[in-house]
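Below is one structure, written out as structure tokens; the observations come after it.
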Amino acid sequence: MRLIFYVLLSAVLYFQVQFSAFSIEQKQPDLVIYTEDYKPFYFRGDNGEPAGSVTELVRTLADRTGIRIEIHLRPFRRGLNAVNTNKNHCFMALWRTAAREPDFNWVGPLQIDGFAFFALEESEISLSKMEDSFPYATGAVGGWTSTLAARKAGHPNLVLVDDDALNLNMLKQGRTQLWLGGLLSAPYVAGEQGISIKNVFTVEKVDLSLACNPATDTSLTDRLQVTLDSYTIKGGNAAPGQSEEQFRSPSLSIPGQRQHAEQ
């Protein structure tokens, strides 16, 4: 009788282990995606989960292709380091530049963006080239393409932070005179805070794309790219609620904020 009991117990434990292993395997994501706080494209929503127009676009693409994804919000350099060291890991999203092109497996463009120098509305600063910004303390995010470009150009007065929102605070408090930020994100964040800023010099317009570790399974990224291409070609929005014209043209209407001509 005792022997039968142990046999039955062993059988139950065996199937529990097998079922648990199967459940874990079923729940494993195909792609792990890291992102940062970069409104309005990706940020932490009211429920604590990643939100934003590009976030919803990537979720839509994954749903349509049957790819399981897991999205984590992390500081930029921490998230990018995880992507650089792990296959099937992606960063949402990076500015797709010629220098970065060979370093990642790309899906995009998810959005047309860029970077520019911003000043407070009342500022008299005027720039016609990047070098004109050198005399001014300039807030910038460490590791961003815009920051690397400014450093390469020889900017001597960069004030580096890990969170782009801190750049707005420094500008408002007078600790910096310029903010080197996203062409669309900086005005959006400032508008949310009721702070008027102006674009004093657009450095570059560039694609925002999903950047995946080069060892990532290309069948996954290829499927996402095909779905994205089909999505936009058929007239679908590149970001939910956004027209194709808005997607292709880097402009964003900020309530209560006057638009400035790009220089």
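Numbering-wise, the UniProt record's numbering puts 32 at position 32 of the sequence shown, and it's gapless, one number per residue.
Beta carbons are placed, not taken as given, at the ideal position from N, Cα and C, and that holds for glycine.
The model shown is predicted, which means the values in this text are computed figures rather than measured ones.
Determine the DSSP secondary structure at F22, reduced to helix, strand or coil. A caution first: F22 carries a pLDDT of 41, below 50, which makes its placement in the model unreliable, though a value can still be read off. Of the three classes helix, strand and coil, the one that applies to F22 here is helix, per DSSP.
Do the CB positions of G143 and L210 come within less than 7 Å of each other? It is not a contact, given that the beta carbons lie outside the stated cut-off.
Measuring CA to CA, which of D207, M170, T65, R64 is closest to A98? Considering only alpha carbons, the answer is D207.
Does S209 come out as helix, strand or coil in the three-state DSSP assignment? In this structure, DSSP gives S209 an extended state, which the three-state scheme calls strand.
Is the Cβ-Cβ distance between T65 and T227 less than 7 Å? Yes, they are a contact pair.
Applying the 10 Å Cβ sphere with the 16-neighbour rule, what's the burial state of P50? Buried, since its Cβ has 16 or more Cβ neighbours within 10 Å.
Could you tell me which of T35, C212, D37 sits nearest to N86, measuring between CA atoms? Of the listed residues, the one whose Cα sits closest to N86 is C212.
Quick one: residues in its chain with C-beta nearer than 8 Å to the C-beta of L127, no 5 flanking neighbours on either side, listed in chain order? When the five nearest sequence neighbours on each side are left out, the beta carbons in the same chain lying within less than 8 Å of the beta carbon of L127 are those of F117, S133, V200, F201, Q263, in order along the chain.
Let me know the secondary structure DSSP gives Q28 once reduced to three states. Here Q28 sits in coil by DSSP.
Taking the CB atoms as reference points, tell me whether Y38 and A82 lie closer together than 7 Å. Not in contact: Y38 and A82 (Cβ atoms no closer than 7 Å).
Simplified DSSP state of Y231, which is helix, strand or coil: Here Y231 sits in helix by DSSP.
If we ignore side chains and look at the alpha-carbon of each, how far apart do A190 and R59 end up? Straight-line Cα distance between these residues: approximately 27 Å.
Can you check the segment 52-102 for any alpha helix (DSSP H) of at least 4 residues that lies completely inside it and give the ranges in chain order? Whole alpha helix (DSSP H) segments, 4+ residues: 53-65, 76-85.
Using CA atoms only, rank isn't needed, just tell me which of L171, Q225, G48 is closest to residue 279. Coverage of the chain is limited to positions 1 through 263, which leaves residue 279 absent and any answer about it impossible.
Are there 16 or more other CB atoms within 10 angstroms of the CB of G45, so buried, or fewer, so exposed? Its Cβ having fewer than 16 others within 10 Å, G45 is exposed.
Reference E192; option with closest CA among C90, F115, G174, L168: Minimum Cα-Cα distance from E192 among the listed residues C90, F115, G174, L168 corresponds to L168.
Using 10 angstroms around the beta-carbon of K129, count the other beta-carbons present and answer buried if the total reaches 16, otherwise exposed. Answer is exposed; the Cβ neighbour count stays below 16.
Which whole runs of the alpha helix (DSSP H) in the segment 142-217 are 4 residues long or more, in chain order? Entirely contained in the segment 142-217, the alpha helix (DSSP H) runs reaching 4 residues are, in chain order, 145-153, 165-173, 185-192.
Measure from the alpha carbon of L178 to the alpha carbon of each residue in G79, A119, L80, then state which is nearest. The option with the nearest alpha carbon to L178 is A119.
In terms of alpha-carbon separation, which member of K205, C90, E131 lies closest to K152? It is E131.
Quick check: what's the CA-CA separation for W106 versus Y136? Taking the straight line joining both Cα atoms gives about 35 Å.
Buried or exposed (CB count within 10 angstroms, at least 16 for buried), D113: Around the beta carbon of D113, 16 or more other beta carbons sit within 10 angstroms, so the residue counts as buried.
Helix, strand or coil for N47 per DSSP? Here DSSP, grouped into helix, strand and coil, assigns N47 to coil.
Exposed or buried, what is D164 when buried is set at 16 or more other beta-carbons lying within 10 Å of its beta-carbon? It is buried - the Cβ of D164 has at least 16 other Cβ atoms within 10 Å.
Note down the Cα distance separating E56 from E70, rounded to an integer number of angstroms. Whole-angstrom Cα-Cα distance: 13 Å.
State the beta-bridge partners of G108 as determined by DSSP. Paired residue(s): none; G108 is not in a bridge.
When the Cα atoms are used, what is the spatial distance from F43 to V141? Whole-angstrom Cα-Cα distance: 16 Å.
Write down the C-beta distance between F76 and D217 rounded to the nearest angstrom, noting that I regard them as a contact closer than 8 Å. At roughly 25 Å, the Cβ-Cβ gap does not stay under 8 Å, so F76 and D217 are not in contact.
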